[in-house]
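To start, the structure itself, in C-alpha cells.
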Amino acid sequence: MAGKEKKIWDPQNFHPEEITPEELFLSRRDFLKAATVAGIGTAFPHAAYAASKLNEKYNLKDETQTKEELATGYNNFYEFSLEKEAVKGKVEAWKLDTANWKIEVAGMVEKPRSYSLDELLKLSGVAVEERVYRFRCVEAWSMVVPWQGIPLASLIEKLKPGAKAKFVKFQTFSDQKIGTNMSGLPGYPWPYTEGLTLEEAKHPLALLATGMYGKPLPKQNGAPLRLVVPWKYGFKSIKSIVKIELTDTQPKTLWSDLAPSEYGFYANVNPKVDHPRWSQASERILDKSFFPKRKPTLMFNGYEAEVASLYKDLDLKKNY
Ligand SMILES: Nc1nc2c(c(=O)[nH]1)N[C@H]1C(S)=C(S)[C@@H](COP(=O)(O)O)O[C@H]1N2
Ligand SMILES: [Mo]
Numbered sequence: 018m019a020g021k022e023k024k025i026w027d028p029q030n031f032h033p034e035e036i037t038p039e040e041l042f043l044s045r046r047d048f049l050k051a052a053t054v055a056g057i058g059t060a061f062p063h064a065a066y067a068a069s070k071l072n073e074k075y076n077l078k079d080e081t082q083t084k085e086e087l088a089t090g091y092n093n094f095y096e097f098s099l100e101k102e103a104v105k106g107k108v109e110a111w112k113l114d115t116a117n118w119k120i121e122v123a124g125m126v127e128k129p130r131s132y133s134l135d136e137l138l139k140l141s142g143v144a145v146e147e148r149v150y151r152f153r154c155v156e157a158w159s160m161v162v163p164w165q166g167i168p169l170a171s172l173i174e175k176l177k178p179g180a181k182a183k184f185v186k187f188q189t190f191s192d193q194k195i196g197t198n199m200s201g202l203p204g205y206p207w208p209y210t211e212g213l214t215l216e217e218a219k220h221p222l223a224l225l226a227t228g229m230y231g232k233p234l235p236k237q238n239g240a241p242l243r244l245v246v247p248w249k250y251g252f253k254s255i256k257s258i259v260k261i262e263l264t265d266t267q268p269k270t271l272w273s274d275l276a277p278s279e280y281g282f283y284a285n286v287n288p289k290v291d292h293p294r295w296s297q298a299s300e301r302i303l304d305k306s307f308f309p310k311r312k313p314t315l316m317f318n319g320y321e322a323e324v325a326s327l328y329k330d331l332d333l334k335k336n337y
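Going from the sequence shown to my numbering is simple: count from 1 and add 17.
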C-alpha cells in the first residue's frame with residue numbers, strides 16, 4: 018500500500034526531478050531482479066503497476082484526499098452503466114486478463130505495433146510513480162486522488178512521432194461482451210474515443226495511470242490503463258485503453274461527436290464558461306455526507322501556472 022511506501026520515502030534526500038529516466042529505469046530493473054529472486058515473477062510484477070514512490074512535485078498536501086471507497090464506488094463508465102453507483106457491480110462479470118491486454122500503437126509513429134502493458138511501460142523507460150491530482154467531472158463533482166502511473170510524455174517520446182503528427186487519439190475496448198451497456202446506448206459512436214494535441218500529450222502533467230490508492234487500477238476506474246489529464250474535465254481521462262494513435266488531424270471523440278455544443282475537444286476546466294445546462298463556477302466535493310460541501314472551481318482545475326502557456330491563442334471565455 019502507498020502508505021507503507023511513504024514511510025521509506027524521505028523528501029529530504031529524494032528529489033525526483035533530479036533523477037534521470039535511466040536511473041529510475043535501473044532502479045526498477047533492480048526491483049525486477051529482486052522480485053524474480055524472491056519468486057514473485059519473471060515478468061513485470063503486477064504489483065509494480067501500483068508500487069511506486071510519491072512524486073513530491075505533485076502532492077496536494079493541503080487538500081483532503083477522497084476516500085478510496087468513494088473514488089472506486091462512484092464512477093462514470095457508460096460502457097457498463099449510466100448509474101455511477103452501479104458500475105462497480107457491473108464490472109464484476111468482466112474477466113480482465115491484464116497480462117494479455119494489448120495496446121495497439123498506430124499512425125504517425127516510427128514503429129506501429131501492438132504492445133502488452135508491460136512492454137509499453139518498459140518502453141517508456143521510467144518507473145511507475147505516485148501523483149496526487151485534483152479530478153473534476155464536467156457534471157461538477159470533484160475528487161482528489163492518488164494515482165500511480167507514468168508520464169504520457171515519456172511514452173510519446175519513445176514512440177518517435179513523425180514530423181507531421183499533431184494529435185494523439187485514444188480508444189477504449191469495443192467488445193460489447195465486456196461493455197454490457199454499449200448496446201443499450203445504440204446512438205453512441207462507440208468505442209469511446211478521446212484525444213489530445215501532441216503538445217498536451219507531452220505536457221508533464223498528463224499521466225497514463227496503472228493504479229490508484231497504491232493498488233492496481235480497479236476495473237471500474239479504467240483498468241488496466243487509463244489516461245488522467247487533471248486540468249481537463251474528467252471525460253477526457255479515457256479508461257481501459259486499447260489503442261493509441263498519432264494523427265495529423267484533430268481526432269473525433271465520443272462526446273464532441275455526440276453533443277458538440279456541450280463538449281468541446283479541449284474541455285479545459287474553466288469556472289468562467291458554464292455548461293449549456295449548468296454553472297461550472299463551483300463543484301461538489303465527492304462525499305457521502307447529507308450536506309455535501311462545495312468549493313469554487315479553479316481555472317484549469319488549479320493547474321493554470323503549469324498549463325496556461327499551452328492555450329495562449331485560445332479565448333478562455335469560450336467553450337472549446
Ligand atoms: N471508456 C470510458 N472512459 C471514461 C468514461 C466512460 O464512460 N467510458 N467516463 C469519463 C468521465 S465522464 C469521467 S468523469 C471519468 C470518471 O472516472 P472515474 O470513474 O475513475 O472517477 O472517466 C472518463 N473516462
Ligand atoms: Mo465526467
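Beta carbons: idealized from backbone N, C-alpha and C, even for Gly. Source: prediction; values computed, not measured.
| Asked | Found |
| --- | --- |
| Consult DSSP for T115 and reduce its assignment to one of helix, strand or coil. | helix |
| Touch check for the stretch 118-133 and the stretch 162-171: three-plus C-beta pairs under 8 angstroms? | no |
| Okay, do the stretch 233-242 and the stretch 87-100 touch, 3+ Cβ pairs below 8 angstroms being the bar? | yes |
| Taking the Cβ atom as the reference point for each residue, do W118 and I195 lie within a distance shorter than 8 angstroms? | no |
| Suppose contacts are defined by Cβ-Cβ distances below 8 angstroms. Is M160 in contact with L315 by that definition? | no |
| How about Y11 and I255: do their beta carbons lie closer than 8 angstroms? | There is simply no residue 11 to check, as the chain begins at 18 and stops at 337 in what is shown. |
| Taking D79 as the reference, which of G251, V149 and W158 has the closest Cα? | V149 |
| Quick check: what's the CA-CA separation for K219 versus K175? | 11 angstroms |
| Hey, how far is the Cα of Y320 from the Cα of P247? | 8 angstroms |
| Reducing DSSP to helix, strand and coil, say where Q351 ends up. | This structure cannot settle anything about residue 351, because the visible part of the chain is limited to 18 through 337. |
| For the candidate residues A276, Y337 and K310, whose alpha-carbon lies nearest to that of W158? | K310 |
| Which residue's Cα is closest to the Cα of A322: L222, K181 and K84? | L222 |
| At which residue ranges does the stretch 271-319 contain complete alpha helix (DSSP H) runs of 4 or more residues, listed in the order of the chain? | 271-275 |
| Taking the continuous alpha helix (DSSP H) assigned at A322, which residues delimit it? | E321 to V324 |
| Quick check: what's the CA-CA separation for G204 versus S98? | 15 angstroms |
| For F190, I'd like the list of residues in its chain whose CB is within less than 6 angstroms of its CB, leaving aside the five on either flank, ordered along the chain. | S257 and V259 |
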